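Residue numbering for the sequence shown follows our numbering, beginning at 15 and increasing consecutively.
Single-structure report; data block below.
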Amino acid sequence: ADGMMIDNVHEWVQSLNEYLHDGLKDFESRPHWNEERTSRGGEALLAIQNRPSMWGRSVVCNSYADGGVVATDDAEEQRKQALRVAEEELNPLAFEGVASNVFDQAPADWLLAHGIKRIVVGHKPTGDCPAVLSSAYTGVEVCSVDTSFARRRDISTGEKSNRFGVNRGDAIALVEIAGSDCNYNRLEISGTLADGTEYSNTHPHIGNNEDAITGDSILGKKTVDGWWVKASVSDSYHLCRGKGRTVEYDTRSEEDVVVCHQLLKR
């Protein structure tokens, strides 16, 4: 990598693919360590999946997820502290485990300028259903999906509690993008929560058709008391909040979410 800044998102993707192919060729040409054990072929590909090696800028293992949701105050404080430590001490290890800021308007504006209105990612656990950031916040909708470690040990769902493995329990999720074309579509998320409850939700459309009123506009938003609205189940909402690997769940009515606890406006 030569440190070149790329402003066009399509050129950026192309450059990442070239980075991959160059790394594979490097590995093929020198698959073993040198005599000093300081370098080996393909080391650039090993580095790109490691936050410290990439100075906190890894497209492979960076994520938005923390505490089962796409953003927490604790994760943002850790990110800011890591930036301070890295700058003051020149210590790349400060970036270990740091989550990206899903509310950062700068990358959102960059993506929007190139026609990208949604990001779908995985890699890091997001509780028992996908964690979504409504496009109402930055203009870009973010969907983070990873049900590993979704099993709830605070409840018992009987014999089916390990239906999808010891760590996932009953939780399973299906994320679909439905619509007429790439410029006008919506998220459709369905599945089963860790307690065995089934859900099927339609998120608001993303696109240029302002007359279309579809989807649940409450999904993917945060209440003023720190809970994220993750799913609609029957006549109530499935809420989540957490910190690190600790995740809490709550069930509230629409009135309780909208009126009593209000939705965070940003």
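The C-beta atom is built at its ideal place from N, Cα and C for all residues, glycine as well.
If you're wondering where the values come from, they're calculated on a predicted model, not measured in any experiment.
Is Lys244 helix, strand or coil when you go by DSSP? Indexing the sequence shown from 1 puts residue 244 at position 230. DSSP places Lys244 in strand when its eight states are reduced to three.
Could you give the distance in angstroms between the alpha-carbon of Val261 and the alpha-carbon of Arg255? Locating residue 261 in the sequence shown gives position 247, where the first residue counts as 1. Locating residue 255 in the sequence shown gives position 241, where the first residue counts as 1. Using only the alpha carbons, I get a separation of about 6 Å.
When you compare the region 20 to 31 with the region 122 to 138, are there three or more beta-carbon pairs, one atom per stretch, that lie closer than 8 Å? yes
I'd like to know whether the C-beta of Thr152 is nearer than 7 Å to at least one C-beta of chain D. Among the chains of the structure shown, chain D does not appear; only one protein chain is present.
Beta-carbon proximity check, Pro144 vs Val189, cutoff 7 Å: Taking the sequence shown and counting its residues from 1, the one referred to as residue 144 is at position 130. Taking the sequence shown and counting its residues from 1, the one referred to as residue 189 is at position 175. In contact: Pro144 and Val189 (Cβ atoms closer than 7 Å).
Can you tell me where the beta strand (DSSP E) holding Lys257 begins and where it ends? Stepping through the sequence shown from its first residue, residue 257 is reached at position 243. Unbroken beta strand (DSSP E) run through Lys257: 250 to 257.
Cβ separation of Ala185 and Leu207, assumed to be a contact under 8 Å, to the nearest whole Å: Residue numbering aside, residue 185 sits at position 171 when the sequence shown is read from its first letter. Residue numbering aside, residue 207 sits at position 193 when the sequence shown is read from its first letter. Contact flag correct, Cβ pair sits at about 6 Å.
Should Asp249 go down as buried or exposed, given a rule of 16 or more other Cβ atoms within 10 Å for buried? Reading the sequence shown from its first residue, position 235 is the one you call residue 249. Asp249 is exposed by the Cβ-count criterion.
If you reduce the DSSP assignment to three classes, tell me which class Gly37 lands in. Locating residue 37 in the sequence shown gives position 23, where the first residue counts as 1. If DSSP states are grouped into helix, strand and coil, Gly37 belongs with the helices.
Need the endpoints of the alpha helix (DSSP H) that Leu233 sits in, please. As a first step, residue 233 is located in the sequence shown; it is residue number 219 there, counting from the start. Segment: none, Leu233 is in no alpha helix (DSSP H) and carries neither H nor E.
Tell me the DSSP secondary structure of Val272 in three-state form. Here residue 272 is taken as the residue at index 258 of the sequence shown, counted from 1. Of the three classes helix, strand and coil, the one that applies to Val272 here is helix, per DSSP.
Chain-order list of residues whose beta-carbon lies under 6 Å from that of Asp40 (same chain, five-residue window excluded): For the purposes of this step, residue 40 is taken as the residue at position 26 of the sequence shown. Closer than 6 Å at the Cβ level, and outside the excluded window around Asp40, lie Gly55, Gly56.
Is the distance from the Cβ of Gly81 to the Cβ of Lys257 below 7 Å? Against the sequence shown, residue 81 aligns to sequence position 67. Against the sequence shown, residue 257 aligns to sequence position 243. Contact: yes.
Taking 8 Å as the limit between beta carbons, can you name the residues of its chain near Ala245, skipping five residues before and five after? In the sequence shown, counting from the first residue as 1, residue 245 sits at position 231. Same-chain partners within the cutoff: Cys143, Ile203, Leu207, Tyr213, Asn215, Leu233, Tyr251, His252.
Considering Arg98, what are the terminal residues of the alpha helix (DSSP H) in which it resides? Taking the first residue of the sequence shown as 1, we reach residue 98 at position 84. 87 to 103 is the extent of the alpha helix (DSSP H) around Arg98.
Which residues in the same chain as Tyr33 place their Cβ atom closer than 6 Å to its Cβ, once the five residues preceding and following it in sequence are excluded? By 1-based counting over the sequence shown, the position of residue 33 is 19. Closer than 6 Å at Cβ, skipping near neighbours: no residue.
I think Leu97 touches Val116, with their Cβ atoms under 8 Å apart; what is that distance to the nearest whole Å? Residue numbering aside, residue 97 sits at position 83 when the sequence shown is read from its first letter. Residue numbering aside, residue 116 sits at position 102 when the sequence shown is read from its first letter. So it is not a contact: roughly 16 Å between Cβ atoms.
Sort Ala85, Val84, Glu42, Arg65 by Cα distance to Asn76 and report the nearest one. Indexing the sequence shown from 1 puts residue 76 at position 62. Among Ala85, Val84, Glu42, Arg65, the Cα nearest to that of Asn76 is on Arg65.
Can you tell me where the alpha helix (DSSP H) holding Glu49 begins and where it ends? Residue 49 sits at position 35 when you count from the first residue of the sequence shown. First-last for Glu49: undefined, no H or E at that position.
Within 10 Å of its beta-carbon, does Arg290 have 16 or more other beta-carbons around it, so buried, or fewer, so exposed? Residue 290 lies beyond the range of the chain shown here (15 to 280); nothing can be said about it.
For Arg132, tell me which candidate among Val154, Asp123, Ala122, Ala113 has the shortest Cα-Cα distance. Here the question's residue 132 lines up with position 118 in the sequence shown. Ranking the options by Cα distance to Arg132, first place goes to Val154.
When burial is assigned at 16 or more other CB atoms within 10 Å of the CB, is Ser53 buried or exposed? For the purposes of this step, residue 53 is taken as the residue at position 39 of the sequence shown. Under this definition Ser53 is an exposed residue.
So what does DSSP say about Val159, is it helix, strand or coil? Within the sequence shown, residue 159 is the residue found at index 145, counting from 1. Three-state DSSP puts Val159 in coil, outside helix and strand.
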